[in-house]
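Report on one structure; see the data block that follows.
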Amino acid sequence: MGLGAAAVGDALRGAVRGSGVRVRFAPSPTGFLHLGGLRTALYNYIFAKKHQGSFILRLEDTDQSRVVPGAAEGIEDMLEWAGIPPEESPRRGGPAAPYQQSQRLSLYREAAELLLEKGAAYRCFCTPQRLELLKKEALRNRQTPRYDNRCRHLSPKQVAEKVSQGADSVMRFRLEENSEPFCDLIHGWSKHVVASIEGDPVILKSDGFPTYHLANVVDDHVMGISHVLRGAEWLISTSKHLLLYRAFGWDPPQFGHLPLLLNKDGSKLSKRQGDIFVEQLAQDGWLPEALLDIMTNCGSGFADNRMGRTLKELIEEFNVSRIERHSALLDLEKLSEFNRWRNQRGGVAPASMHFLVGC
Ligand code: GLU
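Residue numbers (the UniProt record's numbering): 1 to 359.
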């Protein structure tokens, strides 16, 4: 079920508001949950519980061509298996439902129209052929391809003419030059003058689907997200997101970008590596507690690295200011040691109770 017109209006005015902590894990269901994703979810969960807040699962499935059947269900199943279930999610529902972006399209369209009215967005009629030519030319000149913002300068009359001719269009966000610095909870002060490196980004495609940036910002706002804790690969997008918040006239959440999770040798975790998928690890008999150990022992955010902590202890010991900027190195060889340790201690709670006891 999607959102009705009244709900869209309410949502854009900020339906879910409050002073409490609300964080979200927002994966794209383009594959199954891997350890990198589980770690992002875990830190969000711990942060929420530490501050008596809510942990939300939102599925970012607007790029329908990349959606993998069954991935959405798999992600939620694995969060439950790991003992870090969301309070609000596609399956559980909640005050900001629906929690699946493909069911919120009317909201993004309305938001894009709002930006259009404010003059912060414009219709772009450039054809794929023109964009391809721009790209080729840039590459020939050894430059990074970027849109040249041509349609920014169309007059209202020209736009009306093109619309009446039935020309296809997308909506682009007008990037302002004056990006403001922001204080990231982990990386400190940061700023990227996006307009000097990128052309105006598409926010709404011709098929009515939003791109990541628009949908992400709109949802974080209307879902009342107070803190965005996500992977460091999104740090450079944040200045763009802050320009969107400013254009809408909304207060942004606080951002914290978690260091990347890498293999022990410093290489990127590859989705071709079978041993990083949570479902596979669960099927192979690893305990969720052992995964918890491996993730919190290679990362930071705690006073020390220790085996066998309960989730309750992790929540007590966690401090976001202890998260370090450098990447976390995952030592999968330690998994059997952690698993053995947990098994020997026995007393492993049944799956449905993992870690929930006492939290
Ligand atoms: N859908 C994005 C991802 O899969 C979300 C990034 C974010 O948390 O803002 O990484």
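Using N, Cα and C, we set each Cβ at its ideal position, and we do this for glycine too.
These numbers were taken from a predicted model, which means no experiment stands behind them.
With DSSP as the reference, please indicate the residues paired to L204 in a beta bridge. Sequence index remark: in the sequence shown, residue 204 carries index 204 (1-based). For L204, which the question treats as bridged, DSSP gives the partners M171, P210.
Residue ranges of each alpha helix (DSSP H) run of no fewer than 4 residues wholly in the region 268–336, ordered along the chain? 278–283, 288–298, 311–317
Is the closest heavy atom of the ligand GLU to the C-beta of S28 under 8 Å? Translated into the one-based positions of the sequence shown, residue 28 becomes position 28. S28: yes, Cβ under 8 Å from the ligand GLU.
Taking the beta strand (DSSP E) that Y45 belongs to, which residues open and close that run? The residue labelled residue 45 in the question sits at position 45 within the sequence shown. Element bounds for Y45: not the beta strand (DSSP E) but the alpha helix (DSSP H), 35–50.
Which residues DSSP lists as bridging S190, in chain order: Within the sequence shown, numbered from 1, the residue matching residue 190 stands at position 190. According to DSSP, S190 bridges with F182.
How many angstroms separate the CA atom of A41 from the CA atom of V163? Locating residue 41 in the sequence shown gives position 41, counting from the first residue. Locating residue 163 in the sequence shown gives position 163, counting from the first residue. Looking at the two C-alpha atoms, the distance is approximately 44 Å.
Tell me, please, whether the CB atom of R109 is closer than 9 Å to any CB atom in chain B? Absent from the structure: chain B. Only one protein chain is present.
Would you call C183 buried or exposed, if buried means 16 or more other Cβ atoms sit within 10 Å of its Cβ? Locating residue 183 in the sequence shown gives position 183, where the first residue counts as 1. So C183 counts as exposed.
Secondary structure at N263, three-state DSSP: helix, strand or coil? Along the sequence shown, read from residue 1 onward, the residue named residue 263 stands at position 263. Here N263 sits in strand by DSSP.
Assuming R92 contacts C124 under a Cβ cut-off of 8 Å, what Cβ separation, rounded to an integer in Å, is found between them? For this step, residue 92 is matched to residue 92 along the sequence shown. For this step, residue 124 is matched to residue 124 along the sequence shown. In fact, because the Cβ distance is near 39 Å, the residues do not count as touching under 8 Å.
Using CA atoms only, rank isn't needed, just tell me which of R22, G20, S28 is closest to A215. Residue numbering aside, residue 215 sits at position 215 when the sequence shown is read from its first letter. The shortest Cα separation from A215 among R22, G20, S28 belongs to S28.
Give the straight-line distance between the Cα atoms of A195 and E337, rounded to the nearest whole angstrom. Numbered from its first residue, the sequence shown carries residue 195 at position 195. Numbered from its first residue, the sequence shown carries residue 337 at position 337. Rounded to the nearest angstrom, the two C-alpha atoms are 49 Å apart.
Report yes if the C-beta of E88 is less than 8 Å from at least one heavy atom of the ligand GLU; otherwise report no. Along the sequence shown, read from residue 1 onward, the residue named residue 88 stands at position 88. No.
Could you tell me the distance, in whole angstroms, from the CA atom of D10 to the CA atom of S102? Numbered from its first residue, the sequence shown carries residue 10 at position 10. Numbered from its first residue, the sequence shown carries residue 102 at position 102. Roughly 19 Å between the two C-alpha positions.
Would a C-beta distance cut-off of 9 Å place E60 and A26 closer than the cut-off? As a working note, residue 60 is residue 60 in the sequence shown. As a working note, residue 26 is residue 26 in the sequence shown. Yes, the Cβ-Cβ distance between E60 and A26 is below 9 Å.
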